[in-house]
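Okay, structure first, notes after.
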Amino acid sequence: MSEWTLSLTVDGPERTQALAERLGARLRAGDLLVLTGELGAGKTTFTQGLGRGLGVRPGIISPTFVLVRRHPNVPDGPRPGGPDLVHVDAYRLGSAAEVDDIDLEDTVDTAVTVVEWGTGKVEHLADSRLEIVLERAVGAAAPAPVAMPGAADGAEDDAEDDDAEPRRITLTGIGPRWAGGPPPLDPPGEGPAPGH
Ligand SMILES: Nc1ncnc2c1ncn2[C@@H]1O[C@H](COP(=O)(O)OP(=O)(O)OP(=O)(O)O)[C@@H](O)[C@H]1O
Ligand SMILES: [Mg+2]
Numbered sequence: 048m049s050e051w052t053l054s055l056t057v058d059g060p061e062r063t064q065a066l067a068e069r070l071g072a073r074l075r076a077g078d079l080l081v082l083t084g085e086l087g088a089g090k091t092t093f094t095q096g097l098g099r100g101l102g103v104r105p106g107i108i109s110p111t112f113v114l115v116r117r118h119p120n121v122p123d124g125p126r127p128g129g130p131d132l133v134h135v136d137a138y139r140l141g142s143a144a145e146v147d148d149i150d151l152e153d154t155v156d157t158a159v160t161v162v163e164w165g166t167g168k169v170e171h172l173a174d175s176r177l178e179i180v181l182e183r184a185v186g187a188a189a190p191a192p193v194a195m196p197g198a199a200d201g202a203e204d205d206a207e208d209d210d211a212e213p214r215r216i217t218l219t220g221i222g223p224r225w226a227g228g229p230p231p232l233d234p235p236g237e238g239p240a241p242g243h
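Residue 48 is where the sequence shown starts when you use my numbering, and the numbers rise one by one after that.
Below, the structure written as structure tokens:
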């Protein structure tokens, strides 16, 4: 079975989402993504970026107590008519048998299915999958606070990137759907010029 791995380091939640957004723009109905990483690694943050790239209804939050949420594709988004996003948190599902109880097979062919904590539980749903591992980058110190020129006193709560930390994100494509290798994920302007 074909397999490739691509590893990148991103230095904060916005970068994680930007990477995921570029991936989301490339995903197709029937894609299965399995997200792995410890509590707070950024799986839901990554899924929010995927949702942007897919152009589905915003409001992606941890589905922990709901287990599954479906975000419909929006007609005025970047991919009108594109697939919906089915977002699953399998943390409290013990086995593949319990996964079968939530009927993901009904939507797996027509939507993009993203499963947090899905390793060992959802691989049977499709013949191909993209495994995504998020890790706190080893040895990376938390960034030192930087005094922002012009920032008002007491503005710390407004700083969006207060919790920015590096993450290593490793994508492994498995199965015929990913046989062509990794999708191009370079930021605009940094990849090869299209069409030349
Ligand atoms: N580079 C980064 N990428 C993603 N998240 C980051 C990064 N740096 C800091 N963070 C912060 O880490 C937290 C990640 O939380 P998130 O809910 O996405 O994790 P999770 O892996 O889904 O956790 P859980 O296992 O509880 O579902 C957020 O508060 C986010 O702002
Ligand atoms: Mg989560």
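Backbone N, C-alpha and C define an ideal beta-carbon position, used for all residues, glycine too.
Note that the structure is predicted; figures quoted are calculated from it, not measured.
| task | Let me know the secondary structure DSSP gives GLU85 once reduced to three states. | result | coil
| When the Cα atoms are used, what is the spatial distance from ASP78 to THR160? | 6 Å
| field | Option in VAL57, PRO105, VAL133 with minimal Cα separation from GLU152 | value | VAL133
| request: Just the C-alpha distance for HIS171 and GLU212, rounded to the nearest angstrom, thanks. | output: 34 Å
| task | Consider the C-beta atom of THR91 and the heavy atoms of ligand 2; say whether any pair is separated by less than 7 Å. | result | yes
| request: Tell me whether ASP82 is buried or exposed, calling it buried when 16 or more other Cβ atoms sit within 10 Å of its Cβ. | output: Position check: residue 82 holds Leu in this sequence, whereas Asp was assumed. Looking at its Cβ environment, which holds 16 or more other Cβ atoms inside 10 Å, LEU82 is buried.
| task | Can you check the region 53-99 for any beta strand (DSSP E) of at least 3 residues that lies completely inside it and give the ranges in chain order? | result | 79-83
| message | Which same chain residues end up closer than 7 Å to ILE149 when comparing Cβ atoms and leaving out the 5 residues on each side of it in sequence? | response | LEU114, VAL115
| Proximal residues to PRO230 (C-beta, below 6 Å), its chain only, five neighbours per side dropped | ARG73
| query | Do ILE221 and GLU85 have their C-beta atoms within less than 8 Å of each other? | reply | no
| Under 7 Å from any heavy atom of ligand 1, does the C-beta of GLY167 make it? | no
| message | Comparing C-alpha positions only, which one of GLY129, LEU181, ARG104, ALA184 sits nearest to THR157? | response | GLY129
| request: Starting from VAL115, follow the beta strand (DSSP E) in both directions and report where the run begins and ends. | output: 115-118
| Under the rule that 16 or more other beta-carbon atoms within 10 Å means buried, what is ILE108, buried or exposed? | exposed
| task | Between the Cα of THR166 and those of TYR138, PHE112, ASP174, spot the shortest distance and give me the residue it belongs to. | result | TYR138
| field | Residue burial classification, ARG17 (beta-carbon count within 10 angstroms, cutoff 16) | value | Beyond the ends of the chain as shown, which are 48 and 243, falls residue 17; an answer cannot be given.
| message | Please classify THR94 as buried or exposed, where buried requires at least 16 other C-beta atoms within 10 Å of its C-beta. | response | buried
| Which value, in whole angstroms, describes the spacing of the CA atoms of ARG215 and GLU68? | 16 Å
| query | Which residues in the same chain as ASP131 place their Cβ atom closer than 7 Å to its Cβ, once the five residues preceding and following it in sequence are excluded? | reply | VAL103, ARG117, HIS118, PRO119, ASN120, ALA158
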